[in-house]
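In full-length UniProt numbering, the protein residues as written are 1 to 941.
All remarks here apply to the structure that follows.
This is the structure in structure tokens:
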């Protein structure tokens, strides 16, 4: 029997058991036992005899059963199959079914990937409060859109409905539309339907009149009718859908808990995404590319009303960022309520297309138009009849002009949005000069239009050029963390927007020297209590990482001159260069920024070459550092040639785990002595004829060299290097612009090295990455080297926006957020470290692939160097481009460092998200390895 036949047979048997004896304990136990054993058997079968063809069948058959499984069942299966998984990783280079199961389950239960079509207008209808007429506006739009024109489709979605089945907004729209059409009898026909997809068991029981169990029930209830005379060809369609319903008329978060039918945000958004995509694809397929359609999604209550999970609705729907129609309040007090609702939406990045409100005779529209500066239309509906007996048909008829105008506004805005998206892509290619980009290699078709960001993900404009009118918005995981700056999840993003708006309104920008403002002081205190704890006493603010490095170099060199007496020999400082020609001690492969001084402090590289910096001399002594990486499932130490002859014990080059590399016990090892001798000898070579040492500062990127290829430097080497420089009174600078604030799993990479600098630079994640700000921290001894009666001996370096309130406010919020266990669930070891973000088994699996040379996974970083030949290696390599193009199709946005690709998440990113992303990368790397196309891939460069 073929593998797929075995799987299919087992699924049929499981399906039967799932459909009978819901209340039978015996059958429930039998079902679970059979399911567990069947999937375990399936894994065994696949491990031994599966082919790629069978894997396709596996996806379409046995994985359907996985959708029904609870998380606890899956854990049991994974536990029993762990030995099989290990065997598979060692013995076969095919995609592990274990990993595949985990990926599929994760995508189903944890993913909230956003995707929706731009083939037609899709709007979310919000309101300043409950009972303001959202449903009336939705019904009026359906009548306006479908009246007098054949072949159209209007979709009304009500994601959250309480008080069901007595109260149903989708049923209201369905009935009122039907009544209006029956009364006015249009020439064309309309097929109208109302659907309820899911409901709590209590609501389902009341609707169906029978016991429906507990929790959320897949109801699948609907009613349908054909309306109109049918004289014209081309039937229009009204589709009304309630996605989730609960019985009691309470706030969604209350009733969901009370009825035992909670729904998590990710599953909620997945359902909404399915409705948006399915309706579009079906309609375009049936009616052609030029078919007209409109969709409205009506929220529940007010803008900030809770969702079923308890999150605010304005936050719940934010990943889609659909354009909004705001139903305002025309009553007394309604101006304030409407403006508050509008500001709440704008704060979260929503685009409001129009405000519509009922006329209560108070002319609320006038001050609203004034406040909105007439950028957004404010439409006024006639007073709504309050009599219960009124069927509202006359009101809908009187309101048609307003709804026609609103519908036109929505359609025009939708078309304008699509035109703008296409225009921006084309115009950007014509007028932008992108950094680190060879424009000859970039066509306008490769320009990615980013519509928005939500947490770790971009929402980007996607176009299928092979099919007309297939624009869409899709989600891509920002795997480069937008050049290593990003850390906020969606919640922190909103918090930052709120706090930064407050800071802008309160301060704008204010002068900093000799002044103080609250955000700057709070930020400085947090820096000294956190990343500078135990050594730093002063904070010097600047604008970005490279500038922070320039400041650090000035600090360090002054401290060196002060400690070695050069300032006393030359009081004016004008002829110190006669005594000594200062340079820095640094590591090859380091990168400290693109300003001139920062470039002088790094070894020759593609960034400092003559084409980039004709003035570059390299004012430093540059050491080749020992490096560590995971190769073929083993952590290995790679020693530079200059040190290799002194290594007596080869066992010192192999580690049982990554943690062993950081152990302080290595300080008394033989290799520690080798490092110490090597460093001392290098420093001796930098004495001038008079015996003065010319090394004025040590500057290193602790643990990981970023732009140099995501290389992990042996922590022992950097620790000894720091110690030897301190012994000689050489100031030590840690460049933590990249590594700081949890990027490597600790708040400061200095904690991983177990040593302290004299000066350290921070930026990027310090503000959550939303606005540039940098800080150079220094010890009190460094600060005192600048104290003098003359202003000429002060640190004369700064910029116009030093310690700007906007950035300091963002830094205060981000620093607190990342290190608070209540807001960052990834903290462990008493809040000192992050939990493992990248699944260790997957990382090891990747390291075994023929296409992979090495892997480094630490904190939020997972870097992978591709196996290439000769000239194809290094920053200029284009070998990864084909792979990255495929990964973008998988929803992952990456930028390579030559033949090094890397993934980067935020300190708050769920490890489940990291696992999903890493599994996609694994699958693509296995394709490269299995097909043995590493060389052809590189030949395309």
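Ideal Cβ positions, reconstructed from N, Cα and C, are used throughout, including at glycine.
Contact check, residue 524 vs residue 758, beta carbons under 9 Å: no
Check whether the Cβ atoms of residue 695 and residue 554 lie closer than 9 Å to each other. no
Start and end of the beta strand (DSSP E) containing residue 194? Residues 190-200.
Does the stretch 256-275 come within contact of the stretch 301-310, defined as at least 3 CB pairs closer than 8 Å? yes
How is the alpha helix (DSSP H) around residue 484 delimited, first residue to last? 481-484
For residue 128, is the classification buried or exposed, using 16 other Cβ atoms within 10 angstroms of its Cβ as the cut-off for buried? buried
Judging by CA-CA distance, which residue of 650, 812, 587 and 620 is the nearest neighbour of residue 626? 587
Under 9 Å, Cβ to Cβ, is there at least one residue of chain B near residue 751? The question asks about chain B, but that chain is absent: this structure has only one protein chain.
Check whether the stretch 484-504 touches the stretch 755-770, taking contact to mean three or more Cβ pairs, one atom from each stretch, closer than 8 Å. yes
Through-space distance from residue 615 to residue 778, alpha-carbon basis: 29 Å
For residue 668, count neighbouring Cβ atoms within 10 angstroms of its own Cβ and tell me buried if that reaches 16, exposed if not. exposed
Hey, how far is the Cα of residue 630 from the Cα of residue 269? 38 Å
What residues match up with residue 629 in a beta bridge as DSSP calls it? 636
Inter-residue spacing [alpha-carbon to alpha-carbon] between residue 104 and residue 740: Residue placement at residue 104 is poorly supported in this model, since its pLDDT is 33, which falls under 50; the coordinates still yield a value, given next. So the alpha carbons of these two residues sit roughly 34 Å apart.
I'd like the ranges of any alpha helix (DSSP H) spanning at least 4 consecutive residues and lying wholly in the stretch 825-908. 840-847 and 881-889
For residue 925, does the count of other Cβ atoms within 10 angstroms reach 16, so buried, or fall short, so exposed? Counting Cβ neighbours within 10 Å, residue 925 comes out buried, since at least 16 surround it.
Please list the terminal residues of the continuous beta strand (DSSP E) segment that includes residue 782. Run containing residue 782: none in the beta strand (DSSP E); it sits in the alpha helix (DSSP H), 780-784.
In whole angstroms, give me the CA-to-CA distance for residue 337 and residue 824. 33 Å
What do you reckon, are the CB atoms on residue 153 and residue 236 nearer than 9 Å? yes
Taking the alpha-carbon of residue 711 as reference, which of 771, 728 and 624 has the nearest alpha-carbon? Ranking 771, 728 and 624 by Cα distance to residue 711 puts 624 first.
Quick check on the burial criterion: 16 or more other C-beta atoms within 10 angstroms. Buried or exposed for residue 928? With at least 16 other beta carbons inside 10 angstroms of its own, residue 928 counts as buried.
Around the C-beta of residue 649, are 16 or more other C-beta atoms found within 10 angstroms, so that it is buried, or is it exposed? exposed
Are residue 165 and residue 247 close, meaning C-beta to C-beta below 9 Å? yes
Tell me where the alpha helix (DSSP H) around residue 174 begins and ends. 169-184
Can you check whether the CB of residue 730 is closer than 9 Å to the CB of residue 585? yes
Which residue marks the beginning of the beta strand (DSSP E) containing residue 461, and which one marks its end? 457-462
Nearest-angstrom Cα separation, counted from residue 628 out to residue 341: 54 Å
Which word fits residue 473, buried or exposed, when buried means at least 16 other C-beta atoms lie within 10 angstroms of its C-beta? Residue 473 is buried by the Cβ-count criterion.
Distance between residue 314 and residue 922 (C-alpha atoms, nearest Å): About 36 Å.
What would DSSP say about residue 544, mapped onto helix, strand or coil? coil
Proximal residues to residue 811 (C-beta, below 7 Å), its chain only, five neighbours per side dropped: 523, 766, 767 and 773
Is the beta carbon of residue 858 closer than 9 Å to that of residue 633? Going by beta carbons, residue 633 and residue 858 fall outside the 9 Å limit.
Nearest CA to the CA of residue 698: which residue from 243, 477, 724 and 681? 724
The stretch 175-189 contacting the stretch 203-216, beta-carbon criterion three pairs below 8 Å: Contact fails between the stretch 175-189 and the stretch 203-216, because fewer than three Cβ pairs, one in each stretch, are under 8 Å apart.
Simplified DSSP assignment, three categories, for residue 930: Three-state DSSP puts residue 930 in a helix.
Contacting residues, own chain, Cβ-Cβ under 7 Å from residue 178 (five flanking each side not counted): Result list for residue 178: 192, 225 and 227, in chain order.
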